[in-house]
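One structure is given below, encoded as structure tokens.
Protein chains in written order, with the working numbering: chain A, 733 to 971; chain B, 802 to 1192.
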């Protein structure tokens, strides 16, 4: 009751004041826009779509199964399925989304879409500086804006991405083994490749109808499909 | 040479005065002095706001403002532009004239106090015989402006804040005056230059400052507590307790009128720091005899800045008091100690030089401090709560 506590308090603030010039512990401020702390590996903000290789349309893993759309609690995902098919990472013909929109102003970052996706196609991004002047258009991400390469996924979540790649490679090996087992029985090994060509031709014809948003890249992608077909499986397996 | 630099402002004022007719000479020198006061102390205010924010930040483990200008030192310019361009809102039911006058009264009365403050050797605007009295009279007039602001705003929070401010300022003005009286008893003069010249002596290299005597030390602590309270600084910032009464008496002030209140508050702090330095810390006298070559005004401002640093330190450390704690502290502890200090000062005076006065005065003050600290602030232990009407 004689003011010792006051002196103790003064000593503490003095220690803070002097310490802020010498020790990092006493001055923990990070001047955010100028300097940043690296995001934690488990950080998650909003979902993105993973694609293999360099072409986001050809390599997109999403097969438009719409499970995420149905599971999304705030219903912020909107998917339109394609009429035609394109090969996935094992070379199997799959549908793909002609529209894949996520309204990130509605998204609550729950990661349920990631957990339910059987194709490892949707993952959580760490990008958080998404402020925009346009509340409606600016926060509604279409599939092009949502697409990120597998390398990007490796950069932001290295551990998780390696696990995913290992899993996909395993699946691919299984499929190939099954195909190899089935091959002698069918006795027509090169059947898969020619079969894809008519598919690509029909998709090129169907493209302007299916995707009104961007007919030109769609057509280009369809034209480039036979090439992508040969490249895509090794790219998926290598990673 | 040292004497010339020491008196450089006086020489300059007289040189400028020399260009005018002899009858105008004194008036011109006074006007120059006024210009000096009106420019130096607001500049110091601008510097203090940014230093305070940076210092407080450091005490709270963060950086202060560092965006505007080099290391944030142009922040007051940005703040000034902001407050000048803001809308000046006057409440519909407010008393317009009083509402307008209150900040002006505050700033003017605070500036008047600087007139008698010696900021250097021969550097006071008015060498008044009753300078100390004049200073306290002007200090008391700030209470008027606070109540004008609170009353004219026609707002509950404003009037509550004003009432708190008046109660607090009057309570602490008594011990502040009494602690100054102790100095007056020793010096035998109310003139501030006399008080400083009495302290501008040395035994060997050691100065004769009043803070280095038992009664002076006690009086200085009382003065510091009372000055903190008078200038509404934390931990005595109840009149503007944001968490309780929005902003107290200046709730309804915006734009430049608010800036004037802010300025007045800081100027009052400088004035009280200056008075405390003058009364107890040797005013413009150097702390050691061999440092006397440094100009007196540098010493004065160095001491004032040091005491402002202590104000900021206190603000960064202590939480706000409660109203009853504030009043109890003023009337049960600070005032009795101030009265006792007057008695001790008398004893010191009449025991005369020698070791006896040191021992006797120190013992009385320490004993009183311990006893009053133990009794007046003993924590009351309440027994278990009894419900008389239930059951």
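Note that the Cβ used here is the ideal one computed from N, Cα and C, for glycine as well.
According to DSSP, what are the bridge partners of residue i?
| i | result |
| --- | --- |
| residue 812(A) | 831(A) |
| residue 818(A) | 826(A) |
| residue 792(A) | 783(A) |
| residue 1008(B) | 1003(B) |
Using C-beta distances below 8 Å, list every residue in its chain close to residue i, excluding the 5 sequence neighbours before and after it, in chain order.
| i | result |
| --- | --- |
| residue 1148(B) | 1158, 1161, 1162 and 1165 |
| residue 859(B) | 865 |
| residue 810(B) | 837, 921, 924 and 1098 |
| residue 861(B) | 1117 |
| residue 908(B) | 1061, 1064, 1065 and 1068 |
| residue 1150(B) | 986 and 987 |
| residue 1075(B) | 915, 918, 920, 1101 and 1105 |
| residue 745(A) | none |
| residue 1174(B) | 1134 |
What in chain B is Cβ-close to residue i, meaning under 8 Å?
| i | result |
| --- | --- |
| residue 758(A) | 862 |
In chain A, which residues lie less than 8 Å from residue i when you measure between Cβ atoms?
| i | result |
| --- | --- |
| residue 859(B) | 748, 749, 752, 753 and 759 |
| residue 1171(B) | 734 |
| residue 856(B) | 749 |
By Cβ distance below 7 Å, which residues in the same chain neighbour residue i in space, the five residues on each side in sequence not counted?
| i | result |
| --- | --- |
| residue 983(B) | 1016, 1020, 1142, 1143 and 1146 |
| residue 751(A) | 758 |
| residue 1195(B) | As shown, chain B starts at 802 and ends at 1192. That puts residue 1195(B) outside it, with no answer to give. |
| residue 806(B) | 1096 |
| residue 949(A) | Bear in mind that the predicted position of residue 949(A) carries a pLDDT of just 45, short of 50, making it unreliable; the figure below should be weighed with that in mind. Taken in chain order, the residues that qualify are 789. |
| residue 836(A) | 778, 862, 871 and 873 |
| residue 846(A) | 779, 854, 855 and 856 |
| residue 1087(B) | 1093, 1095 and 1100 |
| residue 1177(B) | 1133 and 1134 |
| residue 887(B) | 1055 and 1056 |
| residue 991(B) | 930, 931, 932, 933, 934 and 985 |
| residue 1120(B) | 1036 |
What does residue i reach in chain B if we use C-beta pairs closer than 7 Å?
| i | result |
| --- | --- |
| residue 741(A) | 1118 and 1119 |
Note down, in chain order, every chain A residue with its Cβ under 9 Å from the Cβ of residue i.
| i | result |
| --- | --- |
| residue 1114(B) | 742, 745, 746 and 749 |
Going by beta carbon distance, what residues of the same chain come within less than 6 Å of residue i, once the five residues before and after it are set aside?
| i | result |
| --- | --- |
| residue 969(A) | Since pLDDT at residue 969(A) reaches only 42, below the 50 mark, its modelled position is unreliable, and the value read off the structure follows with that caveat. Closer than 6 Å at Cβ, skipping near neighbours: 901 and 904. |
| residue 1094(B) | 803 |
| residue 844(A) | 803 |
| residue 831(A) | 812 |
| residue 890(B) | 1055 |
| residue 855(B) | 865 |
| residue 818(A) | 828 |
| residue 1130(B) | none |
| residue 808(B) | none |
| residue 876(B) | 851, 866 and 869 |
Please confirm whether any heavy atom of the ligand SAM lies closer than 8 Å to the CB of residue i.
| i | result |
| --- | --- |
| residue 1140(B) | With respect to the ligand SAM, the structure shown offers nothing to examine, as it has no ligands at all. |
Three CB pairs or more closer than 8 Å across the segment 958–974 of chain B and the segment 917–934 of chain B: no
At least three beta-carbon pairs within less than 8 Å, the segment 1073–1089 of chain B to the segment 980–998 of chain B: yes
Unbroken stretches of the alpha helix (DSSP H), 4 residues or longer, contained in the segment 851–900 of chain A: 875–878 and 882–888
Validate contact between the segment 783–795 of chain A and the segment 859–874 of chain A using beta carbons, cut 8 Å, 3 pairs: no
Complete runs of the beta strand (DSSP E) confined to the segment 1090–1164 of chain B [at least 3 residues]: none
4 or more residues per run - each alpha helix (DSSP H) lying fully within the segment 962–1047 of chain B: 993–1000, 1015–1031 and 1043–1046
Inside the segment 857–926 of chain B only - alpha helix (DSSP H) runs reaching at least 4 residues: 876–886 and 897–914
Three or more C-beta pairs below 8 Å linking the segment 964–977 of chain B and the segment 1124–1138 of chain B: yes
Contact between the segment 947–954 of chain B and the segment 1044–1057 of chain B (3+ Cβ pairs under 8 Å): yes
Three CB pairs or more closer than 8 Å across the segment 851–868 of chain A and the segment 776–783 of chain A: yes
Cβ contact (3+ pairs, closer than 8 Å) linking the segment 928–937 of chain B and the segment 812–823 of chain B: no
Three CB pairs or more closer than 8 Å across the segment 1108–1125 of chain B and the segment 1027–1042 of chain B: yes
Touch test, the segment 961–970 of chain B against the segment 939–949 of chain B, Cβ-Cβ under 8 Å, three pairs minimum: yes
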